[in-house]
Each structure stands twice: as C-alpha cells, then as structure tokens.
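Numbering (my numbering), first residue to last: 285 to 921.
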C-alpha cells in the first residue's frame, strides 16, 4: 500500500530552482533514506511533504486517515510542562477514556441507586469502553513512555523536571521521544541522530527497525542509514533517483550506473564519429551521396546521450614535511579539568607512528578535554604528556572556534602562509570548492559545512605529521565525508581522532580507545571489531556471573543438604530419646504404683521407719517422673 507519493513536485526560491519534477514513492513499512549534498533541497522536500511549505507545481498524495509525524533538523520542545506531563500529552485520548472508566466504576459501586435496566446499560458501556481502552494500549502507555525515555537517555532524570530548564540537545531528544510515542503512520525525520551518543543511536536503530509504520529519513550518519534503510533516494540537481538497498548498496550501484552511462556515452560517440566521417567522405560523390544522406538521416534521428556529469567533489590529500620517530605520544597518570573541577585523572595513553586511533566514550567523558590537553590548550592538573621526536601537531576543532574572524576566505589561509603565491592559495581553496568570488566571502558569514572545508584546507597546508581531529565529519555532506576518509586513509602520519560517526570510525581506526570515567579500555581494530569485542566481553561477564550464581546455588544446596542431613540426624536422635523416655516413664509409673501398694500394706504403714523409707523412694520416683515428663513435652513440641 502506498502511503506517500510526490508527483512531479517543483520548488524554486526566486529564480533559483531547488526541486524539479521530483518523484518519490513510499510504501507502508518502507524505510527510505533521502540523501544528497548540503543545499540539494532535502529539508525543503520534507517540509513540502509535511505541509510546512508549499510546492510551486506538482502534487503530494497522502491517503485519508494516514497520519504523518515530522522531526525537523533543529527541533526542540518549547514547553513549560514537566518531562512526564509533556509525554502524557500524546495519550490525551487514552487519559480521557481512563477518566470515563473511573467515573463509570464510581457509578457502578452503588447499584442500589440505579435502576436494573440502567445498571445493565452501564455494565455494557463499561465493558465496551474497557475493551477499547485495552486495545488502544491503555494498560501499557506508561511503560511505553518509560521505555522510550530510557532509550533516549532520560532514565537518570527526575520526570518532574521542567523542560524549559533543559539544554537544546535534550529538548531535541525529547521532541524525538514525543514523536516516537505518537506512532504516526509515516515518520519523517530530518537528521534524527544529532545530539545522540553511540548507545542511544543503537537503541534508536533497533526501535526504528521494528517500527510498524513507514519511515522517511534524512541523515548524514552512514552507519545509521546502512542499519535502517531498505531504499535510498538520491536528490541531486533538483531531481530524485531511487536505489533499492541501504547506503553502501547505493554507493556501489551509483558507481556501476555511472560507469555504464560513461560506456554508453563513449560507445555512442564512437558511432557518431564513424557516421560523421562516412558522411564527410561520401556526401560529395554522386555514387555514394545517397548512402551518405541515409547516414545523415540516421544521425539526425539518433537519441543523443548526454555526457554523464557527476557532482563536483572536494579533492584533497594530507602530506607531511618530516616523519616522526616511532613513539609519537606518551601520557602518564594524567589529570585534566577546568578550575577546581577534574574531568578525569590517572589516564595513561601511548601512540606509535602510523597508528589511526579512535577515541570514543559517552558525552562528557572528557574526549575533547583530552585533545585540548594534548594540543596544550589546557594545562594538566597532574601527570605528564610527552611528545616524540619531530612531532608536528595539526589540530581540527569541532567547533571551528578559530574561524570566526571577519577575514575573507582567501586571507584566512594566505595570512598564515604569506610566502605562498596567491594563485597557489586559490588553487588549494578551489580543491575545497571555493572558486571565483567565493574566496572573497567573510569567514564569519560561512555555513558550518563551508567553515569545515576552510578548516580542512588550513590543516592540509600545515603538512603536520600528527593529526588530532575532534569530530572532523560534523557539518560535512556525505560526499565530502567519503573524500576526507580517502585522504586520511592515504595519510602517512599518525592520527588521533574523536568521532560519533561510526562509519568513519569503522573505515579509519586501527585501534579504539574507550574513555570511561577516566579509565581507558583498548580495543584493536575498527568499530565493528570493538562491538564484537564488547559483545564477547558482555557474554563472558554474563557467563561468569551465571557460573558464580551456579556455584553459589550449589554451595547453598550443599549447605542445605548438610543442614537437612543434620536436622534428620537430630530428629532421629529426638525420636529415639522420646521412645526411651516413654519406656522409662512406664517403668517409673510401675515402680510408683508398687510403692503405693506397699504403703497400703498394714505391716508397712505401721512400721514408721519402713514407711518413711518407701515415702522417700516414692518422692524420688515422682521427681524423676516429673523431669522426664517435662523433657518428653519439650521434645514432642
């Protein structure tokens, strides 16, 4: 079933066309990734689909009753409610049904005050409402809220926290949480992975993979696209091209299609050249002019294939002036912080020449802080940072903090390398897509992606042998990321980088260091190797825990067996003692009876001394009888 169609949708801003005759089709349960360069019109198309913007021509077709939910790129919840109350708003109809159920229950609690017919009607209404409440998820909406909030890293929050007090990233995550809880038929997501750490990304991938509706997503997270999408739609030069498969399949298929188009173009050009040559040679001859005219008609009727024109890409590489020694960086017992606050302490780290090390960890773990300490922007509170011989550091700052000047793009580079001819500076900038008057733009007016390209151009010119990169793929479009990865893979120096881009980590890292509360856990290999090692460690930990529990259970069983064995032994001893007491009691009672008979004999009771002796023996027997009876009662109880 088709839940969304874009039919020949066009949009222009002034005289600049953005979308031209765009076609897009989304089926129920489709996972569609919309990809393209920055500025290609992806967000514009999403806004048109969701009704936030109108198209100039064409049609958006969405079936009646189909609900659509939209998360814009920079959306954040603007609310004075608490986290919990804001999430509850999604379930307003359920809450109303719940209130109605409580009202009916109060009415049914006093059946004497209701006539029989009305009472039966009340029961029927209650049954129907309760069934509808159950079918609509009335008994699980609170669990759903807690599950989604936990998945998006709000499980440590007090849910009574006012949303207005949260950060921008937290508000964006809450907007995503609210959208997921609303469960529309079509989820339209524009960069949903922004502000998410790796653990939360993994949860979101799993959640969306099992989502019951259709998904249309724009993302620069290639790992996310590979995991989620089953269809990739490329938006380029205002038009869409559909590829069935995930992002990696799209890249392969696109390359194949381009090669096929080039071959088809070249083959046709050869044929055209032959026809033109034949016509030129034979058109003037009377004997061959008819054949030449026939070839000319054939050439005129030919459907000419345009030369395949790929998008212009950034092209650059990183080189070095001089190689380092084998030991590039050694960190011992390092503590770093801001003022009196320590971010981490007791950290040890070493890098050798040629390594490409990815530094990962939760937000706030201190990754960027560590890079600033290594680049001497922060002074260590304790410990040492030792650089190897000939080390020259090139640093890429994720915030491009140093690119806020009013200099032109040209002078941003030229002022740092004044001895380099202007044409060479312009040539470098041209490789980063700054051509013509672009190089005269003020740096402060550039977009995030443009600033990133300027920062990379400066880094390339530095020719450092140790690159320290803090989120280098932020603000770059997919093509620029691919080019950056290729340049870094060919780089002959050493790299230490922080990134949330799992695809980038996967391609580049030869070793991964996880920063966790000041401790460093080292994993050889790339991101997939890291995940596999983490899975194995988790399995080993679970197995060890299971073995410990099994041992504890076995020990408990052994102890229980010994205790049970001892209890049975004591029970047997008690029973034997009870039986012995009962025998003794019979003997004493017989003895007492005999003594009473003796006292009744006239020869005895008239003999005072004899009677006294028997009386003393009788008292002794009675005391023994009483003591045995007390013991018997205690044992029997």
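Ideal Cβ positions, reconstructed from N, Cα and C, are used throughout, including at glycine.
In terms of Cβ geometry, residue 782 and residue 515 do not form a close pair [threshold 7 angstroms]. C-alpha of residue 580 to C-alpha of residue 518: approximately 38 angstroms in a straight line. Per the C-alpha coordinates, the member of 890, 495, 812, 675 positioned closest to residue 507 is 812. Within the region 382-442, no complete beta strand (DSSP E) segment of 3 residues or longer occurs. In the displayed model, residue 859 falls within a helix according to three-state DSSP.
In the structure shown, the three-state DSSP call for residue 718 is coil.
Within the same chain, and ignoring the five residues on either side of residue 682 in sequence, the residues whose Cβ sits closer than 8 angstroms to its Cβ are 652, 754, 755, 756, 758, 782. For residue 696, the number of other beta carbons within 10 angstroms of its own is at least 16, and it is reported as buried.
With contact defined as three or more Cβ pairs closer than 8 angstroms, the region 349-361 and the region 455-463 are in contact.
In terms of CA proximity to residue 491, 463 leads the group 463, 502, 787, 474. Within the region 722-795, the complete alpha helix (DSSP H) segments at least 4 residues long are 732-746, 762-773, 786-792, listed from N- to C-terminus. Around the Cβ of residue 371, a 10 Å sphere holds 16 or more other Cβ atoms; the residue is buried.
In this structure, DSSP gives residue 872 a helical state, which the three-state scheme calls helix. Residue state for residue 541 is assigned as helix, using DSSP reduced to three classes. Residue 675 and residue 767 have their C-alpha atoms some 25 angstroms from each other.
The region 636-643 makes no contact with the region 696-716: fewer than 3 CB pairs, one atom from each, lie closer than 8 angstroms.
Between residue 509 and residue 531, the beta carbon gap of about 4 angstroms places them in contact (Cβ cut-off 8 angstroms). The residues 287, 288, 310, 311, 312, 313, 314, 315, 316, 469, 470, 471, in chain order, have a CB closer than 8 angstroms to that of residue 498 in the same chain once the five nearest residues on each side in sequence are set aside. One alpha carbon belongs to residue 637, the other to residue 617, and they sit about 22 angstroms apart.
Judged by DSSP in its simplified three-state form, residue 701 adopts coil rather than helix or strand.
Taken through DSSP and simplified to helix, strand or coil, residue 495 comes out as coil. For residue 658, same chain residues with a beta-carbon under 8 angstroms away, outside a window of 5 residues either side, are 613, 615, 669, 677, 752, 780 in chain order.
Excluding its 5 nearest sequence neighbours in each direction, residue 590 has C-beta neighbours in its own chain below 8 angstroms: 549, listed in chain order.
No residue range can be given for residue 444, since it is assigned to no beta strand (DSSP E) and is classified by DSSP as neither H nor E. Residues of the same chain with a CB within less than 8 angstroms of the CB of residue 632, apart from the 5 flanking positions on each side, are 615, 616, 617, 618, 804 in chain order. Spatial neighbours of residue 475 in its own chain (CB-CB distance under 8 angstroms, excluding positions within 5 residues in sequence) are listed in chain order as 357, 502, 503, 504. The beta carbon of residue 896 is closer than 8 angstroms to none in its chain, skipping five residues each way along the sequence. Residue 828 has its alpha-carbon roughly 60 angstroms from the corresponding atom of residue 869. According to the DSSP assignment, residue 629 belongs to no alpha helix (DSSP H) but to the beta strand (DSSP E) extending over 625-636.
As a beta-bridge residue in DSSP terms, residue 619 pairs with 666.
Out of 852, 523, 762, 447, the CA that lies nearest to the CA of residue 365 is found in 447.
Using a 10 angstroms sphere on the CB of residue 689, the tally of other CB atoms stays under 16, which defines it as exposed. In the DSSP assignment, residue 343 is bridged to 291. For a cut-off of 8 angstroms, the C-beta gap from residue 415 to residue 484 is around 36 angstroms, too long to register as a contact. In the DSSP assignment, residue 642 falls outside any alpha helix (DSSP H) and lies within the beta strand (DSSP E) extending over 640-644.
For residue 901, no beta strand (DSSP E) run applies; the uninterrupted alpha helix (DSSP H) run containing it begins and ends at 892-920, by DSSP.
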